[in-house]
Amino acid sequence: MTTFNQSPLIQKKLLPTSTAGSLPKPSWLAEPEALWSPWKLEDQELVDGKQDALSIALHQQQQAGIDIVSDGEQTRQHFVTTFIEHLSGVDFENRQTVKIRDRYEASVPTVVGEVSRPKAVFVEDAKFLRSQTKQPIKWALPGPMTMVDTLFDDHYKSREQLAWEFAKILNQEAKELAAAGVDIIQFDEPAFNVFFDEVNDWGVACLERAIEGLACETAVHICYGYGIKANTDWKKTLGSEWRQYQEIFPKLKKSNIDIISLECHNSHVPIELLELVRGKKIMVGAIDVASNAIETPEEVANTLRGALKYVDADKLYPCTNCGMAPLSRQVATGKLKALSAGADIVRNELLLQASTIS
Ligand code: ZN
1 MTTFNQSPLI QKKLLPTSTA GSLPKPSWLA EPEALWSPWK LEDQELVDGK QDALSIALHQ
61 QQQAGIDIVS DGEQTRQHFV TTFIEHLSGV DFENRQTVKI RDRYEASVPT VVGEVSRPKA
121 VFVEDAKFLR SQTKQPIKWA LPGPMTMVDT LFDDHYKSRE QLAWEFAKIL NQEAKELAAA
181 GVDIIQFDEP AFNVFFDEVN DWGVACLERA IEGLACETAV HICYGYGIKA NTDWKKTLGS
241 EWRQYQEIFP KLKKSNIDII SLECHNSHVP IELLELVRGK KIMVGAIDVA SNAIETPEEV
301 ANTLRGALKY VDADKLYPCT NCGMAPLSRQ VATGKLKALS AGADIVRNEL LLQASTIS
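According to this note's numbering, the stretch in the sequence shown is residues 1 to 358, in order.
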């Protein structure tokens, strides 16, 4: 038997693979290997083009043997700003350049009044993905703190107050996504790795407000960012041991979040930090998105074996460190296949162990 007795929503095999979220877009839809790349199509052509790209991203994951599939974030320009731009109270033409993640400058929308969600943002896209596959699907939304950190607030003038407003809005969207058949809703919170005091004061609490009453599984993704220069330069300043997770794990362990998605491969995160969240399901990043070098299956397997010392096998989900939007299609495909092959190696080892014990 390869299935485990877990959530009735997802009858899954041991070590089910998934990605953190984004995949490269086709070059006819947007300039590849870039963030915030403008669309190349307009009007109905853009609507159709996004759906076609979503189908391709799904196929790419299926061909690589990925178990929990996503939309590859093909319908959004950016994982945070696209969601924010669909809200009222936000002026997305009045963009401001601000420093985000305490690290690099980005052109972001401005909050000019009370924020609300006039209509669903991604629900139609999720229904479309659901109609294309019977595999478990995961849908990523930005987390409240990361949203607050990716805009210019000219109205609330309080990061915490605005985060609570976003948490309510995210909860509305998440409930509709769950009703559309999404199995796991993931909130992306790279800001959790930067603003520890805020995470512990209100960041995790806002996240719990965002998942309140959800019928599906929930995840939070906390990483060291896309493989762009600003992030790789920042990583060089973090020293030989990256202990950021240590600041936030105790609070996360006590939270209602089901799954924590982390950057592990090629990072300087001491893997034993995972002990601090033992009991949670962990998406273990076993693919480096900041390098074009494609991991060998054995490298992936090694990272997973290291994590297995601190994560029970039925709670380990092999994953990528972060999104792969800025990579080339060829590199991303190679990395997806390596992830599957590496997970296969360890899955077989575990099954062999189980059969020798019984
Ligand atoms: Zn990430």
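Glycine included, each C-beta is placed from N, C-alpha and C at the ideal position.
| Item | Value |
| --- | --- |
| Alpha carbon to alpha carbon, how far is V182 from S7? Give it in angstroms, no decimals. | Legend: pLDDT at S7 = 46, less than 50; position of this residue unreliable, value from coordinates given subsequently. About 14 Å. |
| Please report the straight-line C-alpha distance between W164 and V269, rounded to a whole angstrom. | 30 Å |
| Checking 8 Å against the spacing of the C-beta atoms, do T19 and V80 come in under that value? | no |
| If you compare alpha carbons, which of D91, W202, T97 and L207 is closest to P362? | This structure gives no information on residue 362, because the portion of the chain shown stretches from 1 to 358. |
| Helix, strand or coil: how does DSSP classify T2 here? | Since pLDDT at T2 reaches only 40, below the 50 mark, its modelled position is unreliable, and the value read off the structure follows with that caveat. Coil at T2, not helix or strand. |
| Counting pairs of Cβ atoms below 8 Å between the region 75-91 and the region 33-43, do you hit three or more? | yes |
| Can you have a look at A286 and say buried or exposed, based on whether 16 or more other CB atoms are within 10 angstroms of its CB? | buried |
| Three-state secondary structure (DSSP) at M283? | strand |
| Give every residue of the same chain whose Cβ lies closer than 6 Å to the Cβ of W139, excluding the five residues on either side of it in the sequence, and list them in chain order. | A126, L177, V182 and I185 |
| In three-state terms, what does DSSP make of N94? | strand |
| Return the first residue and the last residue of the beta strand (DSSP E) that D188 is part of. | I184 to D188 |
| On a Cα-Cα basis, can you pick out the residue from V346, S291, Q330 and L308 that is closest to C322? | S291 |
| Report buried or exposed for S358, applying the criterion of at least 16 other Cβ atoms within 10 angstroms of its Cβ. | exposed |
| Can you name the start and end residues of the beta strand (DSSP E) that S261 belongs to? | I259 to E263 |
| Quick one: measure Cβ to Cβ for Q135 and D67, integer angstroms, because I've assumed they're closer than 8 Å. | 7 Å |
| What's the gap between the Cα of I260 and the Cα of L276? | 12 Å |
| Note the first and the last residue of the continuous beta strand (DSSP E) segment covering Y104. | Y104 to S116 |
| Comparing the CB of A20 with every heavy atom of the ligand ZN, is any distance shorter than 7 Å? | yes |
| Between the Cα of Y156 and those of E114, A174, I137 and M145, spot the shortest distance and give me the residue it belongs to. | E114 |
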